[in-house]
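As you go down the protein sequences, you meet chains F and V in turn. If you're matching positions, the first sequence starts at 2 in the numbering used here and goes up one per residue. If you're matching positions, the second sequence starts at 1460 in the numbering used here and goes up one per residue. Here the structure is laid out as structure tokens; the discussion comes afterwards.
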Amino acid sequence: MKSEELNTSVFPTWCPGCGDYGIWAALKKALSKLDTPIENVVIVYGIGCSGNMASFVKVYGVHGLHGRAIPVAEGIKLANKKLKVIVVGGDGDLLGEGVAHLVAASRSNPDITVILHNNQIYGLTTGQSSPISLKGSKSKTYPMGTPDEPLNPVQLALTLGASQVMRGFAGDIEHLTTLISDAINHEGFSLVEVLQPCVTFNKINTYAWFRERIKKLEQPERSRLEALKKGVWTNQQIMIGEFFRESKPVLGYSYGVLERKNLLELKRKREMNKLFESFR
Amino acid sequence: MPWGDKTINWKIAGAAGLGIKSTGEVMAKALSRSGLYINGYTEYPSLIRGGHNTYQVLASEKQVSNPRWNLDILVALNEEGVVLHEDEIDERTKIVVDESVKIEGNRGRLIQVPLLEKAKELGNPIVQNVIALGVSAALIGVEISIFEELIEEEFGKKKELLEINKKALRVGWELAGEERQVELRKRADKPRMVMSGSEAVAMGAMAAGMQLYCAYPMTPATPVMHFLAKYQDKYDLVVRQTEDEIAAVNMAIGASFAGVKAMTGTSGGGFALMQEGISLAGMLELPLVVMLAMRPGPATGLPTWSSQTDLRFAIHAGHGEFAKIVLAPGDPVEAYELSYKAFELAQKYQTVVILLTDKLLAESHYSVELLEEKPVVEVSNVTDKPKKPEEEMFHRYQPSANGVSERTLPGLVNGYYVANSDEHGPEGLVDESAEMREVMVRRRLLKLKSIESDMALPVIYGSKETKLSLVGFGSVKGVALEVIKEFNDVNYIHFNHVWPMPSKAREVLEGRKLVFLENNMTGQLEGLVREYLGLGGISNIRKDDGRPFYVDEVVNLVKRII
Ligand SMILES: Cc1ncc(C[n+]2csc(CCOP(=O)(O)OP(=O)(O)O)c2C)c(N)n1
Ligand code: SF4
């Protein structure tokens, strides 16, 4: 399938030049070369400029709530393990409103892929600070500078035991495509943080700013600790690529039922009478 | 108490950790096996009282459905066990208490026995509760083999424990001495089930074929999760304890989108957190069953006590206007039936069904005739006919005569659509036009009309023609049925399908003198009846102190109103 065939009739409403176009293109490319049939792909979107992608990709989709895409995705995957489930959300979405779910999923390892659009700002609500905004950076809500230390999603996920952690750049579609398709194919929880310029509200972290600082990792690190070190942001250098990968049991395998069968296909009548008898 | 008296009201009380609840449950089952109807009620608060627990069993030859106040037998495992229940004791009450406990100037008949000493002799102080069971068995006059059998079922192959407990039972029986009943109640010929509301809800969901239950623990909703977790492997379902209630409701919605029958359950605070998700299910039009087990609020309130204060909350759950359904069972049989029906309605109308219970129903035990198995509820309104050639994507939100449209499940070739929380067109793609909004909002609300025809009318218990009718919903059914036994001319009208309120319910209530009986202070049902049926009551009886209504209390109030 060609990636254009995944377009809907709704043309993206993003600002011209927005990094979301690059992520959109990379995601469609990754999907178009996937082995899995496209009808077995579900994308769950959060709310934000990033989440608006829901109306631009012709696959099964759920455009859920701000911050709540991950549990929806987990529910879909528990229900039908044949599906490939992908989450698309912003930094406000996944690290502000929904950070508990990102933390929980990193720990429990559901077989889903989370694509985190990191523009260091709230786009859709017109430019407030996000949990990734650099300390001191000015925004509509903090005209004198954001007071909080920024989160680092790569490091956060690594310390929580996420089984695959990556960072890509919306301005390098080819590289990002590889990361996303690797993430979708990885069995377990994958986080792909994507550096995404917001051309309207973030005048500092521009394409050029990123290009000066980005360096590619050759291969994943051997240990989480090494990966953590590589994940750091400095004003001189930001690494992109795959930081770490580990193969471990996927959420659901601890359930006897799910190991044996697909939840969706369980339609067997329940023999209740024996159970009733035990209540005497 | 010779059995001519017909009822026995037994209570065991003591510090947390002494096995009060499990001992009480054994008593409830034993009395049931001896052919009596039972009602088992537990209180396990309260930090102020230092973790004082009780379990109370009311047993009778006729159906009993609510705890009574005055005790026939009180087994107190410590001094507090007597002091805190002084009000429930009269001169007929037999009080079984350890001989070491000093009790002064109370009205009951003390039976002091060496519970603790004998337990220690047997090698385990904890078995004092079983010794107390033995004493109780003798006082009530129930065949001891019934208790032995229950203990065997409980301890099974753990030989040593089994032996100690059996001995403890015998020791207790002996200790009763002259107080022992001569007239023995033997085994019943017809078995009944002893069941809590929570177990009934869980089994209704299992019978419906629920595949996923996701929840975050909160009293008094948690027993449902415990029960399902215990049986999940055997009955092919999955229980997931999520990071919070927000995750629980969203996860259930995700599973439902993929075609699985999913449910979540919580109490007030957790339900508050779920509001946005409930609204999401309304917008995505996906089947979702939510159990809301009420307890007194606001905020954390009285965590382990009961109330009916969230009826309005349930009805108004979620922001925006959309069709939702609220069912409020009054006893375990209704809990089983309505838990099952919740799945049917959720599938039929692709929306949220809230099952409203409370602590009293959830954690009390009742006598139930053997339940009936049911066929698994089908995942309905699902098509395998994908989009038409001229369509861009599948028209999942296609307007229809009753507001319900067919959906596809992921995996179907060319069945793609977006379940979109933004306002959307038929394929789920975003559409903010005034025209589309109008079409969609009307479509979603259209369902209410058809749902109404599935809402059963309130049922009248007792005689049809009366001076006065009590009206209630949910678990007040229990006390109401007891109260009307005391009058010739009072009946009870029971709502268990509370939302949307069926307009025909007016015909049931019209022309009667209504007295609303509710475990809340603002008369939430009364208000709904006034608002939607245009009928008022002549009076009301309200209570929200965390305790259930007691029969005598309501009887006295009704007498005053008559
Ligand atoms: C519960 C809730 N709170 C707030 C909002 C408003 N809101 C919509 S998008 C958004 C932030 C979006 O920022 P981000 O997630 O970083 O995505 P971006 O728009 O930058 O892609 C907020 C606060 C909402 N929709 N729901
Ligand atoms: S506001 Fe920023 S993130 Fe949103 S579309 Fe415009 S450029 Fe992109």
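By construction, the Cβ of each residue, glycine as well, lies at the ideal position given by its N, Cα and C atoms. Predicted model, so just to flag it, every value in this text is computed and none were measured.
Alpha-carbon spacing of residue i relative to residue j, whole angstroms
{"i": "V:A1659", "j": "V:L1770", "result": "20 Å"}
{"i": "F:L177", "j": "F:A171", "result": "7 Å"}
{"i": "V:E1793", "j": "V:M1665", "result": "15 Å"}
{"i": "V:P1461", "j": "V:T1552", "result": "Below a pLDDT of 50, predicted positions are generally treated as unreliable, and V:P1461, at 45, falls in that range; no measurement from the model is reported."}
{"i": "V:I1599", "j": "V:P1834", "result": "42 Å"}
{"i": "F:R271", "j": "F:E278", "result": "14 Å"}
{"i": "F:A74", "j": "V:F1716", "result": "10 Å"}
{"i": "V:K1783", "j": "V:I1813", "result": "8 Å"}
{"i": "F:A105", "j": "F:H64", "result": "21 Å"}
{"i": "F:L335", "j": "V:G1668", "result": "Nothing about residue 335 of chain F can be read from this structure; chain F reaches only from 2 to 281."}
{"i": "F:H102", "j": "V:T1810", "result": "25 Å"}
{"i": "F:L226", "j": "F:L157", "result": "12 Å"}
{"i": "V:N1498", "j": "V:I1605", "result": "18 Å"}
{"i": "V:I1997", "j": "V:L1927", "result": "9 Å"}
{"i": "V:Y1951", "j": "V:V1967", "result": "11 Å"}
{"i": "F:C199", "j": "V:E1796", "result": "54 Å"}
Buried versus exposed, by CB contacts within 10 Å (16 or more), residue i
{"i": "V:W1958", "result": "buried"}
{"i": "F:Q121", "result": "buried"}
{"i": "F:F12", "result": "exposed"}
{"i": "V:I1507", "result": "For V:I1507, the pLDDT reaches just 47, beneath the cut-off of 50, and the residue's location in the model is therefore unreliable, although a value from the coordinates is still provided. Exposed, by the Cβ-count rule."}
{"i": "V:T1981", "result": "exposed"}
{"i": "F:E6", "result": "exposed"}
{"i": "V:S1922", "result": "exposed"}
{"i": "V:I2000", "result": "buried"}
{"i": "V:I1554", "result": "buried"}
{"i": "V:A1535", "result": "buried"}
{"i": "F:L196", "result": "buried"}
Cutoff 8 Å: residue i Cβ touching any chain V Cβ
{"i": "F:Q59", "result": "Inspection of the sequence shows that residue 59 of chain F is occupied by Lys rather than by Gln. Answer yes: the Cβ-Cβ gap between F:K59 and chain V drops below 8 Å somewhere."}
{"i": "F:M54", "result": "no"}
{"i": "F:F12", "result": "no"}
{"i": "F:T207", "result": "no"}
{"i": "F:N186", "result": "no"}
{"i": "F:V200", "result": "no"}
{"i": "F:K136", "result": "no"}
{"i": "F:H118", "result": "no"}
{"i": "F:L259", "result": "yes"}
CB contact check: residue i to chain F, cutoff 8 Å
{"i": "V:I1507", "result": "Note that V:I1507 scores 47 on pLDDT, short of 50, meaning its location in the model is unreliable; the coordinates nonetheless yield the value given after this. No, no contact with chain F."}
{"i": "V:I1497", "result": "no"}
{"i": "V:N1840", "result": "no"}
{"i": "V:I1705", "result": "yes"}
{"i": "V:I1610", "result": "no"}
{"i": "V:E1828", "result": "no"}
{"i": "V:Y1675", "result": "no"}
{"i": "V:F1716", "result": "yes"}
{"i": "V:G1494", "result": "no"}
Nonlocal neighbours in the same chain, by C-beta distance under 6 Å from residue i, ignoring five residues either side
{"i": "F:T37", "result": "K85"}
{"i": "V:A1787", "result": "L1815, F1932, G1933, N1955 and V1957"}
{"i": "F:E194", "result": "L117, N119, P154, V155 and R168"}
{"i": "F:S164", "result": "N110, G189, F190, E247 and K249"}
{"i": "V:Y2009", "result": "W1528"}
{"i": "F:G232", "result": "V155, Q156 and F244"}
Residues of its chain near residue i, where Cβ-Cβ distance is below 7 Å and the 5 sequence neighbours each way are ignored
{"i": "F:L265", "result": "A80 and N81"}
{"i": "V:P1845", "result": "F1853, T1867, L1871, V1872, N1873 and G1874"}
{"i": "V:S1765", "result": "R1754, D1817, K1818, L1819, N1978, G2005 and P2007"}
{"i": "V:E1828", "result": "R1651"}
{"i": "V:D1843", "result": "L1871"}
Cβ-based neighbour list, residue i, same chain, cut-off 8 Å, excluding 5 preceding and 5 following
{"i": "F:Y22", "result": "P13, W15 and A171"}
{"i": "V:V1601", "result": "A1489, L1490, S1493, L1643 and R1644"}
{"i": "V:V1836", "result": "A1667, G1668, K1720, Y1799, F1802, E1803 and Q1806"}
Practice task
Could you name the residues of the region 1974-2003 of chain V whose beta carbon sits closer than 7 Å to any beta carbon of chain F, in the order they occur along the chain?
Solution key: Those would be none; no residue qualifies.
Practice task
Could you list the residues in the region 68-100 of chain F with a C-beta less than 9 Å from some C-beta on chain V, going in chain order?
Solution key: Cβ contacts with chain V come from G68, R69, A70, I71, P72, V73, A74, E75, G76, I77, K78, L79, A80, N81, K83, L84, V86 and G99.
Problem - Chain-ordered residues of the region 1860-1881 of chain V with a beta carbon less than 9 Å from chain F - result: Answer set for the region 1860-1881 of chain V: T1867, L1868, P1869, G1870, L1871, V1872, N1873, G1874, Y1875, Y1876, V1877, A1878, N1879, S1880 and D1881.
Problem - Near-chain F residues of the region 1834-1858 of chain V - C-beta to any C-beta below 8 Å - result: Cβ contacts with chain F come from P1834, V1835, E1851 and M1852.
Problem - Members of the region 1806-1818 of chain V that neighbour chain F once the beta carbon cut-off is set at 8 Å - result: Result list empty, no residue passes.
Exercise for the section: Return the residues of the region 1676-1698 of chain V that lie within a Cβ-Cβ distance of less than 8 Å from chain F, sorted by chain order. Expected result: Residues passing the 8 Å Cβ filter: Y1690, Q1691, D1692, Y1694, D1695, L1696 and V1697.
Problem - Members of the region 1721-1741 of chain V that neighbour chain F once the beta carbon cut-off is set at 8 Å - result: Contact residues of the region 1721-1741 of chain V toward chain F are A1721, E1735, G1736 and L1739 (C-beta to C-beta distance below 8 Å).
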